[in-house]
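Worksheet for the structure shown next.
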Amino acid sequence: MYNFLVQSYSTYKGLFYWLQWMSYVSNVVLYPIAYILMYSFLGRFSRDPEASQYYALGIAGYAMAFIVVGGITQSYTRDRQLGTISFLFASPANRLANYLSRGVLHYPNALLNFGFAMLGAWLIVDLNFGSVSWTGFAIAVLVIAFSLMAYAQFMGVFAIVSRNWIGVMSVGNAVLFILCGAIIPITVFPAYIGELAKILPMTNGLFALREAFAGAPLSQVSGNILREFLTGLGYLTLGFLGFVMFERVAKRRGTLELEAL
Amino acid sequence: MDAIIECQDVVRVFISRALAGAGKKREVVALDGLSFTVPRGIIFGLLGPNGAGKTTTIRILTTLLTPTSGQARVKGFDVVREASKVRQQFGLILGGERGLYGRLTGAENLRYFAAVNHMSRELAKERVKELLQMVGLDTASDRPVEQYSRGMRQRLHVARGLLTDPEILFMDEPTIGLDPAGAQELRQLIPEFAHQGKTILLTTHYMLEADELCNQVAIINKGQIVASGTPSEIKRRFSKVSVIEVIMRQSQPGATENLKPVQGIERVISSSDGPLQKLTIHVLPGIEVKDEITQVLGQSNIESLVMRDPTLEEAYLSILK
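Those sequence lines, one after another, are chains A and B.
459 is the number that our numbering gives to position 80 of the first sequence; each next residue is one higher, with no gaps.
233 is the number that our numbering gives to position 212 of the second sequence; each next residue is one higher, with no gaps.
Here it is in structure tokens:
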């Protein structure tokens, strides 16, 4: 366990370049509040009282994706750019433990982003928490954060292959923003897009989050929470398989140390 | 002596395509049937020009690259089929700026690599402290590596390679980019590792380094071994010239031109030895030219005239020509 924590700490501190106070505050505090305000007022401006609440919860979920996907994908790209990944791959390190350790310390950042988003929504947009079923709501948040972290680990494979975490993060987050129900209900899409959206992270979790916010008990939202958790587990597994495959292919092709694609 | 590292007919071909994979395919043969063995407990030098295949060889032996064909073994374990066992046998020390986490301190970098090598907490703590002291980084251990000088980073690379106290050390151009003092300090550590019973495979293109440190050397060129043996054997066997060094009392600008016509003289290199002129004369073996040299330069102008063994560099250049 100690070695796992050392790996988590080292990859977090060594590779997460937003860990300077100005970047951290702007990404964890200011960004979610700004986005919440923008979309909540947009909803209010649309004169649909439901829209403001719908957007606030969706954007709070999306804010988690921003910090976690950005944080983890840059870690993977930097590990390759710095040449440090070669020393990992030349060692007898447990690949699964190392892979899992990379996401651990980014998880609390997702919760912080969500917290600040909700704080902004409560203070400035007057989001009403009076009906919230807190157990289901809290569990939904924790599980969405987990599945986003897993999704980020999966996107990390693309980041380490392409050495372009910004591009990977942009595409990965755009897919979530458009398709997961953050601001656009998935019911407006054709049926096949709706089915695709259900295997993306956050989609099922947002259903549960919104229902719990409106007062639905845990028993009613547990199905969506479970689906969200299993989605996350799926991405975590795919990401690990991709990580292992990357090592094998890079060693076979001799591309591990390449600077350019 | 039993072989602890073996390469047998190792071939490695790199394939690249222009235009991000859509263009013309290009093949580069980095290793072309490489075969050599390294006995246990020695410092073995792998010398060669840039692009000869030294780094490719190290990467194959450390499981960072798979060979296209052939076999390579480290401590009896095949580098492809038993890669996980191979990775437990060695420490890797590379030259260059890359390979460390700049935002972590020196101690934190070592703790991370101790963790990935499954070292216990107590052993890692003890070993990190001991190694930082050994390489002279104990006072800088709490500073981020991005603040380290080039020499300090290289010493941290060495500390990392020794973390698990491995029996085998692979060192790929460890003194590259270091100033002479830094390089000398590092070179002084290497024989100590060998005295501890370690086997060291060192790649370099600094001949002086190989001559000073290595018990055996192999010269690699275009992916193949072209010469191997002890440094003395290589100098004797492969140098195509004998060397005469002349120190002149007074500088003679035309000395080089005047000596060239002398039969048996292959090459004359003029240099300074402080205020005096030094002539390094390459002579075909078996031809006596001292009398002619004395006659051309003038006995009274010659401070000293000695015949010496060729250096490893001179032998190396003869082999590569």
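Every residue gets a Cβ at the ideal spot worked out from N, C-alpha and C, and that includes glycine.
DSSP, read as helix, strand or coil, puts S480/A in helix. In summary, Q168/B is exposed, with fewer than 16 beta-carbon neighbours lying within 10 Å of its beta-carbon over all protein chains present.
Here DSSP, grouped into helix, strand and coil, assigns H303/B to strand. For R164/B, no chain A residue has a C-beta closer than 8 angstroms to its own C-beta; the minimum C-beta separation is roughly 14 angstroms. The three-state reading of DSSP puts P60/B in strand, counting E and B together. Taking 8 angstroms as the Cβ-Cβ cut-off, the region 549-580 of chain A has no residue approaching chain B.
Bounds of the alpha helix (DSSP H) holding F466/A are 463-468. Shown here, I114/B sits in a strand according to DSSP, grouped into three states.
In this structure, the straight-line span from the alpha carbon of Y122/B to that of N406/A is close to 23 angstroms. At a cut-off of 9 angstroms between beta carbons, F468/A contacts chain B. Bounds of the alpha helix (DSSP H) holding E313/B are 311-318. The Cβ atoms of S510/A and F592/A sit closer than 9 angstroms to each other. The region 608-618 of chain A and the region 573-581 of chain A touch, with no fewer than 3 CB-CB distances between them shorter than 8 angstroms. Non-local beta-carbon contacts of A24/B in its own chain, meaning distances under 7 angstroms to residues more than five positions away in sequence, involve T58, V59, P60 in chain order. With respect to the 9 angstroms criterion, A444/A and N552/A are classified as neighbours on the basis of their beta carbons. Excluding sequence positions up to five before and after M192/B, its CB lies within less than 6 angstroms of the CB of I114, L223, all in the same chain and listed in chain order. In the pairwise beta carbon analysis, the region 63-70 of chain B is classified as not touching the region 86-104 of chain B: fewer than three pairs are separated by under 8 angstroms. DSSP places F395/A in no beta strand (DSSP E); its state is neither H nor E. A contact is defined here as three or more CB-CB pairs under 8 angstroms, and the region 529-537 of chain A fails this definition with respect to the region 388-406 of chain A.
In this structure, the alpha-carbon of V101/B lies about 7 angstroms from that of T87/B. Between N492/A and Y410/A, the gap from beta carbon to beta carbon is short of 9 angstroms. Contact between the region 281-288 of chain B and the region 227-243 of chain B is absent: fewer than 3 CB-CB pairs across the two stretches fall below 8 angstroms. Between the region 268-281 of chain B and the region 331-342 of chain B there are fewer than three inter-stretch CB-CB distances shorter than 8 angstroms, so the stretches are not counted as touching. For L416/A, the closest alpha carbon among the candidates G621/A, I572/A, L498/A is that of L498/A.
In terms of beta-carbon proximity, S402/A stays away from the interface with chain B, with every pair separated by 9 angstroms or more. Around L635/A, the beta-carbon contacts reaching into chain B at under 7 angstroms are L85. Y455/A has a beta carbon lying at 9 angstroms or more from every beta carbon in chain B. Under the DSSP assignment, E27/B falls in the beta strand (DSSP E) whose first and last residues are 24-38.
Leaving aside the five residues that flank S263/B on each side, the residues in its chain whose CB is nearer than 8 angstroms to its CB run, in chain order, H303, V304, L305, P306, M328, P331. Neighbours of N138/B in chain A, taken as residues whose beta carbon is under 8 angstroms from its own, are S470, P471, A472 in chain order. In the structure shown, the three-state DSSP call for I340/B is helix.
With fewer than 16 other Cβ atoms inside 10 Å of its own Cβ, P569/A counts as exposed. Looking at the DSSP output, I604/A bridges to nothing. Within a 10 Å sphere around the beta-carbon of F111/B sit 16 or more other beta-carbons, which makes this residue buried. Under a criterion of Cβ atoms nearer than 9 angstroms, no residue of chain A is adjacent to E194/B; the nearest Cβ is some 14 angstroms distant. In terms of Cβ geometry, G74/B and A215/B do not form a close pair [threshold 9 angstroms].
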